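First up is the structure itself, then whatever we jot down about it.
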Amino acid sequence: MSTLEYTLPVIWALVIGLAVALYVVLDGFDLGIGILFPFFKTEAQRDQAMNTVAPFWDGNETWLVMGGGGLWVAFPKAYAVLMPAVYLPIIVMLLALIFRGVAFEFRWIAKPRHRKWDLAFAAGSTLAAFAQGVVLGALLQEIHVANGQFAGGALDWLTPFSLMCGVALVVGYALLGATWLMMKAGGEVEQIARRVGMPLLLGLLAFIAIVSVWTPLQIERIAERWFRLPDFYWLALLPLATLLLAWLCWRGIQNNRAILPFASAVGLFLLAYAGLVISNAPYLIPPSITLWDAAAHPSSQVFLLIGAVILLPMIIGYTVFVFWVFRGKVQPGEGYH
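Numbering (the working numbering), first residue to last: 10 to 346.
See below:
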């Protein structure tokens, strides 16, 4: 294997990993607001909650396109195995995201008969988050591969573990949404977010603990990676950092801090993401297909990387610009629509 053949898949894995991380964080909080919609009892509260994400939500989903498209063009073999394994939850996720997006726009123009669009926004957000978690769980519990092709059944993804991961991601996104509202909303919406934030934080920690125990118990290679000495000593820093961030989030919620709860919740997601990467690297389809097994031809990767190098700074710059322009809290009665 040449240096180029070794390096290019690693670079593309980092690009796709960055896109997935940014999608989970950025689209996670606006999906979370949809999940929390039933907690807002008045139209004014729901309007205010939606207005906190109105300038951002379209751009946030750019990262999903980049992550999925990057996997398709840079690692076509992994894409060809993964998609048949999780076709149903992927289709459900895409339909839910479309339904949610339509509801987001139609809700404003349908007033005063907008109740069905409120329900559609909440249902689409919850279902999209759940489907994403199911896909993650299906990938973590290992996909059956033979001769470089998917060799399982259409419902292999449907297991207690994957369903638990689906519920876990719904809870996690709801926490991101609640902490976002603590930072970006004032009045009753902020107070509701603080009331639901603490149980959501405890729920997310419980799910992180369950996944952390369940995966090494059912998958020997993960147990060996985490508990082998001396690796165990430095890997133990990850759960310690998780507990520290959870404590900071809890204190931030209790003390009416604006930014600390959201920053800590984002940190919890990034640490959980890092734990998943540590458990499964260098596999894209555990435990059968590595980065290098799935990589496209180096010439294709170089050609596409040129485009990524141009587009990534533009997308990041646009994202930073929008967040800067629409900084500050949205008070009751204010909005951008």
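Even for Gly, the Cβ is constructed at its ideal location relative to N, Cα and C. Because the structure is a prediction, the values reported are computed rather than measured.
Enumerate in chain order the residues of its own chain whose CB-to-CB distance from Pro18 is below 8 Å, with the five nearest sequence positions on each side excluded.
-> In the sequence shown, residue 18 corresponds to position 9, counting from 1. Excluding positions up to five away in sequence, the list reads Ala83, Phe84, Leu300, Trp301, Ala303, Ala304 and Gln310.
Straight-line Cα distance separating Glu233 from Pro225 | Walking along the sequence shown from the start, residue 225 turns up at place 216. Walking along the sequence shown from the start, residue 233 turns up at place 224. If you take the alpha carbons of Pro225 and Glu233, they lie about 8 Å apart.
Going by alpha carbons, who is nearest to Arg260 out of Ala274, Trp243, Leu178 and Asn69?
-> What you label residue 260 is simply residue 251 of the sequence shown in a count that begins at 1. Ranking the options by Cα distance to Arg260, first place goes to Ala274.
Buried or exposed: which applies to Ala187, given that a residue is buried once 16 or more other Cβ atoms fall within 10 Å of its Cβ?
-> Residue 187 sits at position 178 when you count from the first residue of the sequence shown. So Ala187 ends up on the buried side.
Which residue comes first and which comes last in the alpha helix (DSSP H) that contains Ile44?
-> Counting from 1 along the sequence shown, the entry for residue 44 is found at position 35. Its alpha helix (DSSP H) spans residues Thr12 to Leu45.
So what does DSSP say about Ala304, is it helix, strand or coil?
-> Translated into positions along the sequence shown, residue 304 becomes position 295. Ala304: coil per DSSP, three-state reduction.
Reducing DSSP to helix, strand and coil, say where Gly337 ends up.
-> For the purposes of this step, residue 337 is identified with residue 328 of the sequence shown, where counting begins at 1. Coil at Gly337, not helix or strand.
Where does the unbroken alpha helix (DSSP H) through Leu80 begin, and where does it stop?
-> The residue labelled residue 80 in the question sits at position 71 within the sequence shown. That run of the alpha helix (DSSP H) goes Thr71 to Ala83.
Can you tell me whether DSSP reads Leu167 as helix, strand or coil?
-> Position 158 of the sequence shown, counted from the first residue, corresponds to residue 167. Of the three classes helix, strand and coil, the one that applies to Leu167 here is coil, per DSSP.
Is the beta carbon of Ala94 less than 7 Å from the beta carbon of Phe159?
-> Along the sequence shown, read from residue 1 onward, the residue named residue 94 stands at position 85. Along the sequence shown, read from residue 1 onward, the residue named residue 159 stands at position 150. Their beta carbons are under 7 Å apart, which means Ala94 touches Phe159 by this criterion.
Let me know the secondary structure DSSP gives Gln57 once reduced to three states.
-> For the purposes of this step, residue 57 is identified with residue 48 of the sequence shown, where counting begins at 1. DSSP places Gln57 in helix when its eight states are reduced to three.
Check whether Ala105 and Ala137 have beta carbons under 7 Å apart | Reading the sequence shown from its first residue, position 96 is the one you call residue 105. Reading the sequence shown from its first residue, position 128 is the one you call residue 137. Yes, the pair counts as a contact, with Cβ atoms nearer than the cut-off.
Whose CA, out of Ile118, Arg122 and Ile294, lies closest to the CA of Ala22?
-> Along the sequence shown, one-based indexing puts residue 22 at 13. Comparing Cα positions, the closest option is Ile294.
Exposure label - Arg204; buried when at least 16 CB within 10 Å | As a first step, residue 204 must be located in the sequence shown, where it is residue number 195. That one is exposed.
Continuous alpha helix (DSSP H) stretch holding Leu293: start and end | For this step, residue 293 is matched to residue 284 along the sequence shown. Here Leu293 belongs to no alpha helix (DSSP H); instead the beta strand (DSSP E) covers Tyr292 to Ile294.
Identity of the residues DSSP links to Gln310 by a beta bridge = Position 301 of the sequence shown, counted from the start, is the residue given in the question as residue 310. The partner list for Gln310 (beta bridge, DSSP) is empty, contrary to what the question assumes.
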